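Residue numbers (full-length UniProt numbering): 1 to 310.
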C-alpha cells in the first residue's frame with residue numbers, strides 16, 4: 001500500500017482528465033472481466049456519454065496523482081446511475097472509494113435527485129460491502145446491461161433510516177463485548193449463582209435464541225403490514241439448545257457471528273417497512289421500528305448480567 005502523504009482532494013471533470021478516467025476504470029475491468037465495446041466508447045468519450053447528458057464525473061487526487069474516479073449519469077428527473085468507479089490499486093485501503101461515493105451522493109442530493117442506482121458484479125466483494133454500509137440495498141437487476149453485471153443496488157436519498165444507527169450500534173456493541181466475554185474463564189461462564197438463575201453460558205445462549213427469533217421477525221414483517229407471530233418460551237429454548245454444555249469460546253463466536261449477520265439484516269430493511277406492525281403472542285401490535293430498537297436494548301440488558309457494562 002502506497003504511503004499517503006497528503007489529504008485527498010476531489011476534482012470535477014475537465015477534458016484533460018479523460019485519460020485518468022479511462023486508465024482507472026480499464027484497470028479493474030481488465031483485472032476481473034473483459035472490456036466490452038460499450039466500455040471503450042464511454043471511457044474514451046465521457047464528455048459525450050456522461051457530461052453532455054447532464055452527468056458529472058469527479059476525481060480523487062492524492063500525492064499529486066489522480067488516484068480515483070466515479071461518475072453520476074442521469075436516468076430521469078429523479079434518478080441517476082452511479083457508474084465507472086475506479087481507485088488506483090496502490091491507494092486501496094485509504095477509503096478513497098468511500099469518499100468518492102459520498103461525494104457523488106451529496107452531488108445527487110444537490111441536484112434534487114431522490115434515487116441513485118448502480119450496477120455491479122458479485123465478484124467485487126469489497127466494493128459491494130462498502131455500498132451496503134453506505135445505505136445501498138439490493139434490488140432486482142434487469143436484463144440487457146453489461147455482461148458482467150449480476151447485481152443492482154439502489155439508495156433512496158429522501159429516506160430517513162434510523163435502523164442504520166441501530167445496526168451500527170449493534171456492531172459496535174459486539175466488537176466491544178467479544179474481548180470482554182473471552183476474558184471470562186470457562187469455569188466462571190458455566191457457574192449458576194443460584195438454581196433459579198442462568199449461567200453466563202445460558203445468558204449468551206438466550207441471546208442467540210433471541211437473534212434467531214428476531215431475524216425471522218425482521219424478514220417476515222417486511223412482507224406483511226400486520227404480522228401475527230408466536231413468541232418463544234425462553235427457558236424451554238435455553239434448556240432445549242443445551243447452551244450450558246457448549247464451549248464458552250464457541251458460544252461467544254456463534255453469538256457474535258449471528259449478530260453481525262443480524263446487523264446486515266437490519267440495514268437491509270426498507271425505511272417504509274419500519275412502520276409495519278408486529279403482534280407477538282397476541283399482544284398489542286407494535287411497529288417493526290420498536291422491535292428493532294428493543295432488540296438492542298434487550299441485548300445490552302443481558303450483557304450487563306454477565307458483568308459486561310458497555
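The beta carbon of each residue, even a glycine, is placed where N, CA and C say it ideally should be. This one's a predicted model, so the numbers in the text were calculated from it and none came from an experiment.
Cβ-Cβ distance between residue i and residue j below 9 Å
i, j, result
"residue 69", "residue 148", "no"
"residue 90", "residue 67", "yes"
"residue 43", "residue 100", "no"
"residue 281", "residue 231", "yes"
"residue 16", "residue 161", "no"
"residue 192", "residue 157", "no"
"residue 243", "residue 204", "yes"
"residue 125", "residue 62", "no"
Contacting residues, own chain, Cβ-Cβ under 8 Å from residue i (five flanking each side not counted)
i, result
"residue 53", "73 and 74"
"residue 122", "128, 150 and 151"
"residue 275", "287, 288 and 289"
Sequence-distant residues of its chain with Cβ nearer than 7 Å to residue i (five each side left out)
i, result
"residue 259", "170, 174 and 211"
"residue 268", "137"
"residue 39", "29"
"residue 180", "308"
"residue 207", "255, 299 and 302"
"residue 249", "182"
"residue 251", "201, 204, 205 and 243"
"residue 305", "203"
"residue 164", "135 and 267"
Residues near residue i in its chain [Cβ-Cβ closer than 6 Å; skip 5 each side]
i, result
"residue 214", "295"
"residue 118", "82 and 153"
"residue 228", "279"
For residue i, the first and last residue of its enclosing alpha helix (DSSP H)
i, result
"residue 290", "288-305"
"residue 16", "No alpha helix (DSSP H) contains residue 16, which DSSP labels as neither H nor E."
"residue 189", "186-190"
Near the ligand GTP: residue i beta-carbon under 8 Å from a heavy atom
i, result
"residue 159", "For the ligand GTP, the structure offers nothing, since it holds no ligand at all."
Residue i: first and last residue of the uninterrupted beta strand (DSSP E) it sits in
i, result
"residue 86", "79-87"
"residue 56", "56-62"
Cβ distance (whole Å) where residue i is taken to contact residue j below 8 Å
i, j, result
"residue 93", "residue 25", "So it is not a contact: roughly 19 Å between Cβ atoms."
"residue 80", "residue 113", "5 Å"
"residue 58", "residue 103", "6 Å"
| said: Contact between the segment 213-225 and the segment 282-298 is defined here as three or more beta-carbon pairs at a separation below 8 Å; is this criterion met? | reply: yes
| Within the chosen definition, does the segment 129-143 reach the segment 151-163 through at least 3 CB pairs nearer than 8 Å? | yes
| Touch test, the segment 158-170 against the segment 184-195, Cβ-Cβ under 8 Å, three pairs minimum | no
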